[in-house]
Amino acid sequence: MTAATSLPQSWLPLLSGLHLALALGLALWTLLFLFRIVLTWYPQIDLSRGAMRLVGAPTEPLLALTRRLIKPIGGVDVTPVVWVGLLSLVREILVGQQGLVSQVLFRAQSVGIG
262 MTAATSLPQS WLPLLSGLHL ALALGLALWT LLFLFRIVLT WYPQIDLSRG
312 AMRLVGAPTE PLLALTRRLI KPIGGVDVTP VVWVGLLSLV REILVGQQGL
362 VSQVLFRAQS VGIG
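According to the numbering used here, the sequence shown holds residues 262 to 375 in order.
As structure tokens, this is what we get:
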């Protein structure tokens with residue numbers, strides 16, 4: 262008996278919601294870090310003012326922590342690139358086509374159909 266077959270069928274909406282929330286959340290974080298990469302080309306933009314706070318506030322705490330470990334390379338802050346890579350990896354592991362949550366959801370759906 263696998264873990265998916267022992268899950269109650271009532272958990273299927275919860276699994277679907279978790280899968281969707283993880284996929285959207287990780288995609289949003291990746292998009293924010295991609296914006297940070299582009300914004301590094303414009304150092305005059307203040308990320309603590311106006312609409313730029315939507316990009317700066319959620320990403321800066323993680324970037325500040327990472328900057329302690331990874332110093333700028335040739336004067337270029339590479340920490341947003343590191344976070345895009347990490348988030349892409351986590352997204353693939355959890356909700357990618359072969360991801361853990363995706364596989365549990367697929368198995369739970371196939372047990373419910375059969």
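Using N, Cα and C, we set each Cβ at its ideal position, and we do this for glycine too. Predicted model, so just to flag it, every value in this text is computed and none were measured.
Under the three-state DSSP convention, the category residue i falls into
i, result
"Val-339", "coil"
"Ile-298", "helix"
"Ile-306", "coil"
"Ile-354", "helix"
"Ser-277", "helix"
Contacts around residue i, its chain only, beta-carbon distance under 7 Å, and the 5 residues preceding and following it disregarded
i, result
"Gly-346", "none"
"Trp-290", "Leu-348"
"Ser-277", "Leu-366"
Between the CA atoms of residue j and residue i - distance to the nearest angstrom
i, j, result
"Gln-358", "Phe-367", "10 Å"
"Leu-355", "Pro-274", "17 Å"
"Leu-283", "Ser-349", "12 Å"
"Val-372", "Gly-360", "18 Å"
"Ile-298", "Ala-312", "17 Å"
"Leu-315", "Val-362", "29 Å"
"Ile-306", "Phe-294", "15 Å"
"Gln-270", "Leu-323", "38 Å"
"Gln-364", "His-280", "10 Å"
"Leu-292", "Trp-272", "30 Å"
"Val-339", "Ala-325", "12 Å"
Cβ-based neighbour list, residue i, same chain, cut-off 8 Å, excluding 5 preceding and 5 following
i, result
"Val-343", "Thr-327 and Ile-331"
"Leu-287", "Leu-348, Val-351, Arg-352, Leu-355 and Val-356"
"Gln-370", "Leu-273"
Whole-Å CB distance - residue i paired with residue j, under 8 Å assumed
i, j, result
"Pro-333", "Thr-301", "Actually they are not in contact, since the Cβ atoms of Pro-333 and Thr-301 sit about 11 Å apart, beyond 8 Å."
Neighbourhood of residue i by C-beta distance below 6 Å, restricted to the same chain and skipping five residues each side
i, result
"Phe-296", "Val-316"
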